[in-house]
Amino acid sequence: MFKNYLSIALRLIQRQPGYAFINIVGLAVGMAAFFVITLFITDELSYDSHHENSDRLYRIAVEGTTRNGEMRTAMTAPSWGPELQDEIPELESVVRMRPPNQMWLVAKDNLKFFEKGFVFVDSTAFDVFSFDLVRGARESALAAPFSVVITESMAAKYFPGQDPIGKQLRLDNAFDFSVTGIIRDLPAQSHFKADFLASLTTLDTPIYGPQFLQQNLNFAMYTYALLSPGAKTAEVEGKIDEYIVRTVGPQLESVGAVLTSFLQPIESIHLESHLDNEILPNGSMGTVWSLSAIALFILLIACINYMNLATARSASRSREVGIRKVLGAERQQLIGQFLGESFILSFLAMLLAVGIVLLILPSFNSAAGTNLSLISGGMVAGAGIFLGAALVCGFVAGSYPAFFLSAFSPAVALKGGIVGMKGNGLLRKGLVVFQFGTSIALILATVVVFQQLSFTRDMDLGFDREQVLVVQLTDPSVRTLYPMFRDRVAEIPSVVSVTASSAAPGFFIQNRLVAPDDAPQDENSLLQGFATDFDFFTTLGIDTVAGRVHDKAHPSDSLGAFVINEAAVKEFGWGTNEVAIGRRLAFPGGNASGEIIGVIENFHAESLHEPLEPAIFTVLDPQTYLYVLIRVEAGSTRDAITEVESIWQSIYPAYIYQYSFLDEDVNRMYASDITLGRLFGGFSFLTILIACLGLFGLASFTAEQRTKEIGVRKVMGASESEIVFLLSKDFAKYVGIAFLLASPLAWIGMNKWLDTFNYRIEFGIGTIVLVGLGVLLVSLITVAYQTVKASLANPVDALKYE
Amino acid sequence: MIRLDKITKSYLHGFNRSFILRNISLDVQEGEFVSIMGPSGSGKSTLLHILGMLNEPSTGEYFFFDQPVHKISERKRTDLHREYIGFVFQAYHLIDDLTVYENLETPLLYKKVKGSERKSMVAEMLDRFNMVAKKDLFPSQLSGGQQQLVGVARALIMQPKLILADEPTGNLHTSHGEIVMDWFRKLNQEDGVTIIQVTHSEHWASYGKRVIELVDGRVERDELNPTQASAE
Ligand SMILES: Nc1ncnc2c1ncn2[C@@H]1O[C@H](COP(=O)(O)OP(=O)(O)O)[C@@H](O)[C@H]1O
Ligand SMILES: [Mg+2]
Numbered sequence: 000m001f002k003n004y005l006s007i008a009l010r011l012i013q014r015q016p017g018y019a020f021i022n023i024v025g026l027a028v029g030m031a032a033f034f035v036i037t038l039f040i041t042d043e044l045s046y047d048s049h050h051e052n053s054d055r056l057y058r059i060a061v062e063g064t065t066r067n068g069e070m071r072t073a074m075t076a077p078s079w080g081p082e083l084q085d086e087i088p089e090l091e092s093v094v095r096m097r098p099p100n101q102m103w104l105v106a107k108d109n110l111k112f113f114e115k116g117f118v119f120v121d122s123t124a125f126d127v128f129s130f131d132l133v134r135g136a137r138e139s140a141l142a143a144p145f146s147v148v149i150t151e152s153m154a155a156k157y158f159p160g161q162d163p164i165g166k167q168l169r170l171d172n173a174f175d176f177s178v179t180g181i182i183r184d185l186p187a188q189s190h191f192k193a194d195f196l197a198s199l200t201t202l203d204t205p206i207y208g209p210q211f212l213q214q215n216l217n218f219a220m221y222t223y224a225l226l227s228p229g230a231k232t233a234e235v236e237g238k239i240d241e242y243i244v245r246t247v248g249p250q251l252e253s254v255g256a257v258l259t260s261f262l263q264p265i266e267s268i269h270l271e272s273h274l275d276n277e278i279l280p281n282g283s284m285g286t287v288w289s290l291s292a293i294a295l296f297i298l299l300i301a302c303i304n305y306m307n308l309a310t311a312r313s314a315s316r317s318r319e320v321g322i323r324k325v326l327g328a329e330r331q332q333l334i335g336q337f338l339g340e341s342f343i344l345s346f347l348a349m350l351l352a353v354g355i356v357l358l359i360l361p362s363f364n365s366a367a368g369t370n371l372s373l374i375s376g377g378m379v380a381g382a383g384i385f386l387g388a389a390l391v392c393g394f395v396a397g398s399y400p401a402f403f404l405s406a407f408s409p410a411v412a413l414k415g416g417i418v419g420m421k422g423n424g425l426l427r428k429g430l431v432v433f434q435f436g437t438s439i440a441l442i443l444a445t446v447v448v449f450q451q452l453s454f455t456r457d458m459d460l461g462f463d464r465e466q467v468l469v470v471q472l473t474d475p476s477v478r479t480l481y482p483m484f485r486d487r488v489a490e491i492p493s494v495v496s497v498t499a500s501s502a503a504p505g506f507f508i509q510n511r512l513v514a515p516d517d518a519p520q521d522e523n524s525l526l527q528g529f530a531t532d533f534d535f536f537t538t539l540g541i542d543t544v545a546g547r548v549h550d551k552a553h554p555s556d557s558l559g560a561f562v563i564n565e566a567a568v569k570e571f572g573w574g575t576n577e578v579a580i581g582r583r584l585a586f587p588g589g590n591a592s593g594e595i596i597g598v599i600e601n602f603h604a605e606s607l608h609e610p611l612e613p614a615i616f617t618v619l620d621p622q623t624y625l626y627v628l629i630r631v632e633a634g635s636t637r638d639a640i641t642e643v644e645s646i647w648q649s650i651y652p653a654y655i656y657q658y659s660f661l662d663e664d665v666n667r668m669y670a671s672d673i674t675l676g677r678l679f680g681g682f683s684f685l686t687i688l689i690a691c692l693g694l695f696g697l698a699s700f701t702a703e704q705r706t707k708e709i710g711v712r713k714v715m716g717a718s719e720s721e722i723v724f725l726l727s728k729d730f731a732k733y734v735g736i737a738f739l740l741a742s743p744l745a746w747i748g749m750n751k752w753l754d755t756f757n758y759r760i761e762f763g764i765g766t767i768v769l770v771g772l773g774v775l776l777v778s779l780i781t782v783a784y785q786t787v788k789a790s791l792a793n794p795v796d797a798l799k800y801e
Numbered sequence: 000m001i002r003l004d005k006i007t008k009s010y011l012h013g014f015n016r017s018f019i020l021r022n023i024s025l026d027v028q029e030g031e032f033v034s035i036m037g038p039s040g041s042g043k044s045t046l047l048h049i050l051g052m053l054n055e056p057s058t059g060e061y062f063f064f065d066q067p068v069h070k071i072s073e074r075k076r077t078d079l080h081r082e083y084i085g086f087v088f089q090a091y092h093l094i095d096d097l098t099v100y101e102n103l104e105t106p107l108l109y110k111k112v113k114g115s116e117r118k119s120m121v122a123e124m125l126d127r128f129n130m131v132a133k134k135d136l137f138p139s140q141l142s143g144g145q146q147q148l149v150g151v152a153r154a155l156i157m158q159p160k161l162i163l164a165d166e167p168t169g170n171l172h173t174s175h176g177e178i179v180m181d182w183f184r185k186l187n188q189e190d191g192v193t194i195i196q197v198t199h200s201e202h203w204a205s206y207g208k209r210v211i212e213l214v215d216g217r218v219e220r221d222e223l224n225p226t227q228a229s230a231e
């Protein structure tokens, strides 16, 4: 019997290749999109699940309020970890981890690389995390200061063909570490990157400042805890809070802060944690959800094609049902036949889909910034998902003929099932409307994302981001020599100006508590703090609106002179910019205070998702500068880069020259938005492609069904264009209805997304109508081939068929 | 073999109930060759479908080999029908996507006949109908007469006791019609297969021994065929 079904299914392909092509390719493209998204989602959901005890492994995080608002940070103070472990019995093991601020220069003789994965960890790391130690001793490898355990790929990178154990690696041109062990590489699905595990005891040496490990209120450490089995997180959190109150309570109180701890399950961090100071940019549950929805929609749309074409063919299929029943078929056997056929086609589609996945995965990876592959991860689970999708599609797509047609009594079925057929026209129309509605919604979403992105790209951020080179000052020894570097760079003819700052647009900006002298006790404001060199504002093209900015000619500017932005004037409630000049400000807790010498225009240093913040600018010593900003004359950028590099090499021969362009740094803040746009774009293209494939098939069946009507109309004198109009009208109507249903939903959804930006576009009727017309045009072009063909047919041929 | 008792068939047309068969009572013995005649729309096909268990009567009783068809389950009806009844249609009703061979094989598949036996049964039919050379062709590649022969062969392959034929020669040239009807006569006379055919033409009706005429859903005439009798 199966052979009979198989041959029917294959005959179908042979005898109606167009029909089969639309079915199989449409389904395959839909499945491919579904598979790719499934791979992506599985990858996102698998983060940190490789730790053996991931179900009781938590990161300790802190939230609370200061007088300036909320704070939620992933970091804790260095002294907490061991003290918590000592006093809370439910903490089976605690590990502290300190990744580098930016990058470390790691060197083995002449092999030098900047490394992001150089982390300091307690020796308990091996108890808490599932690091796979292949060389070295678990107990002692991370005990002594200046020990480092490296991954296999780092071993290969720095010690090709040698045994690394006992050899030295030099950090930051200053500190020598000896390799005490080798671990397997961490899976990519980890919320932190660790290629080098250095002993945390090393930090008794003041790499991060003196007494670093004893600090109890400097949130500069990540602390992870393995809870004992059965421990209640709420109880543990309560005990940690007691510890916080007991040890640092008075200090917190003095600055008006209330802090409590919370435990984050390690597997939830990648998708759900969006705290300050995350180690790496995390994913988002929102993206996972919206992509899941898209995946299901695309698959559904592909199944609908199949169903639609099946219903269009139902007259001839129904005759077959009648015959088979006359020949002794039972209903179950017919259900089996139709489902079997459908499964065979969907299985073929699945094989094709695997090919398409292999084809589009590289583009997806580059669009989404992922590194997915078909072979990675659980192959068995993957194959299961593929087969499952094929079965579900086969079932959904085949269910109409299988359950509906097979129920006809043979006498009815033999007449083409006239009685039952009225309803399926409506079903078919409904399904087409659904397909085009989804396409329109997705396309609208894509257009809106790209409009918003180009808006952010073109918006006047209040500073000139073009033609500015950013050179990073990665570590203290480099920063010490900054003045020499600056003066040499300034001499390059194509360099307009040079400055440096502790923060730059597109990079992390530290907030500082600031209070006007006359403010009541404890009334502080949180301002973005920039410690800048002179010429900061001229280099970035930021205008002064009152007073003046820091100037070399005024030596006192380096001591206690502040520049603030207009938003800060508003924050302090001073009415006009002029009023601010001469007022005094202080950093609470410290002794630094000074006078406001000028007010500058607002500029957006953070992404437009964030509101514009008040900011304060001071001139300080070079040790605080992390970025050199160099404005270069247009047209000579390339020369400037090389000249700056040669100056760098002569001053810092041991360090790698790293630069970027400010406009790129700014755009990087929208990386996840750009990814979203690209993904929406790609998938909406696939959606409309599949929907049009279906429409094409449907148009050919409609034209075929109406052959006689067309013939009669032509005989009665209808022109070809009238026939084309007649046939296109229906399809235009479906698209129109789809548009009316989908555009309000898309409008609501996209306004929600736009609301995540503090500065957003308004998208109006114009965009919506344009998308609607575009889709209408594409759908009419799709059906044009069939309608024109039908209209050109000789009426006599058409009528002969009766 | 067949006993119909006060069979009616009606459909709702809007608010009106229209009667297609009214109070049909008749008996058919095993081995008969019956021709049903009558004007278009008089209910001939409907009657044949009821006899073939493809359609259910609205009221009345139908006994097939003393089995009360009007009462038994769908399942049992399918069994009866598979076992005893073969159908031949005016429009041939072959499955377009299957070859001649596969069309012949299909009823055997539903009857779960074993592979080797199936092969020999199909081969025998192909042989009997001189269609061995055409076994791999699709219906659309055959002439109407050839298609109807496949239809007849398919009806016969199950070795039914009863063949129901709805205008089997309606679409055929006379010469092809003759071939089909000769087959029916042969089956009836040599193998004792009961045949009930619907036809419009006196000529084809004359192959049968008994003629029933339907008019407006009523049996108008039911008599032994005079031509047939004289030809005997
Ligand atoms: N399923 C049905 N629903 C309603 N009317 C039907 C149905 N099937 C047949 N008829 C009507 O029953 C009448 C008899 O049909 P039929 O038995 O096919 O006649 P014949 O074969 O004698 O030409 C016709 O008027 C036809 O329109
Ligand atoms: Mg009829």
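Chains as they are written, first to last, in numbering that gives the first Met the number 0: chain A, 0 to 801; chain B, 0 to 231. Just so it is clear, CB atoms sit at the ideal spot from N, CA and C, and this is done for glycine as well. Source: prediction; values computed, not measured.
Let me know the alpha helix (DSSP H) ranges lying completely inside the region 71-157 of chain B, each 4 residues or longer, listed in chain order. 73-83, 99-109, 114-127, 143-155
Checking the sheet assignment: what are the DSSP bridge partners for A/Lys107? A/Leu110
Once you ignore the five residues that flank B/Asp95 on each side, which residues in its own chain have a CB closer than 8 Å to its CB? Phe137, Pro138, Ser139
For A/Asn523, which of helix, strand or coil comes out of DSSP? coil
Check for me: the beta strand (DSSP E) holding A/Ser659 runs from which residue to which? 658-660
Residues within the region 68-86 of chain B neighbouring chain A, beta-carbon criterion of under 8 Å: Arg74, Thr77, His80, Arg81, Phe86
Is B/Asp165 a contact residue of ligand 2, with contact defined as CB to any heavy atom under 8 Å? yes
Spell out a yes or no on whether the region 180-187 of chain A and the region 252-264 of chain A are touching, meaning 3 or more CB-CB pairs, one atom from each, closer than 8 Å. no
Any beta carbon from chain B within less than 9 Å of A/Asn3's own beta carbon? yes
Within 8 Å: the Cβ of A/Lys414 and any heavy atom of ligand 2? no
How would you list, in chain order, the residues of chain B whose beta-carbon sits under 7 Å from the beta-carbon of A/Gln332? Tyr109
Under the three-state DSSP convention, the category A/Val418 falls into: Because the pLDDT of A/Val418 is 42, which lies under 50, any placement of that residue in the model is unreliable, and the question is left without a value.
Beta-carbon distances below 5 Å to any heavy atom of ligand 1 define the shell here; list its residues in chain order, please. B/Tyr10, B/Ile19, B/Ser39, B/Gly40, B/Ser41, B/Gly42, B/Lys43, B/Ser44, B/Thr45
Give a yes or no on whether the C-beta atoms belonging to A/Thr755 and A/Thr617 are separated by under 9 Å. no
Would you identify the three-state DSSP class for B/Lys43, choosing helix, strand or coil? helix
Taking the runs of the alpha helix (DSSP H) that are 4 residues or longer, which of them lie wholly in the region 476-546 of chain A? 481-489, 535-539
Pull out every residue of the region 399-415 of chain A whose Cβ sits closer than 8 Å to any Cβ of chain B, in chain order. Ser408, Pro409, Ala410, Leu413
What would DSSP say about A/Ile747, mapped onto helix, strand or coil? helix
Using a Cβ cut-off of 9 Å (strictly closer), state whether A/Ala328 contacts chain B. yes
Considering only DSSP beta bridges, list what A/Pro610 is partnered with. None, per the DSSP bridge assignment.
Are there 16 or more other CB atoms within 10 angstroms of the CB of A/Gly424, so buried, or fewer, so exposed? exposed
So, under 8 Å CB-CB, B/Thr77 and A/Glu329 are touching, yes? Tell me the CB distance rounded to an integer number of Å. 6 Å
Can you tell me whether A/Ile764 is buried or exposed, with buried defined as 16 or more other CB within 10 angstroms of its CB? exposed
Counting contacts by CB-CB distance shorter than 9 Å, is A/Ser699 in contact with chain B? no
Using a beta-carbon distance cut-off of less than 9 Å, what residues from the region 303-319 of chain A approach chain B? Ser315, Arg318, Glu319
So is A/Ser341 in contact with chain B if we call contact Cβ pairs under 9 Å? no
CB contact check: A/Gly397 to chain B, cutoff 9 Å: no
Buried or exposed: B/Ile49, going by 16 or more other Cβ atoms within 10 Å of its Cβ? buried
Start-to-end residues for the beta strand (DSSP E) that takes in A/Phe762: From DSSP, A/Phe762 is part of no beta strand (DSSP E); its letter is neither H nor E.
Using the beta-carbon of each residue, which ones in chain A are nearer than 7 Å to B/Pro106? Leu326, Gly327
Just verifying my parser: in three-state terms, what is the DSSP assignment at A/Ser283? coil
Per-residue burial, B/Trp203 [other beta carbons within 10 Å of its own, 16 or more giving buried]: buried
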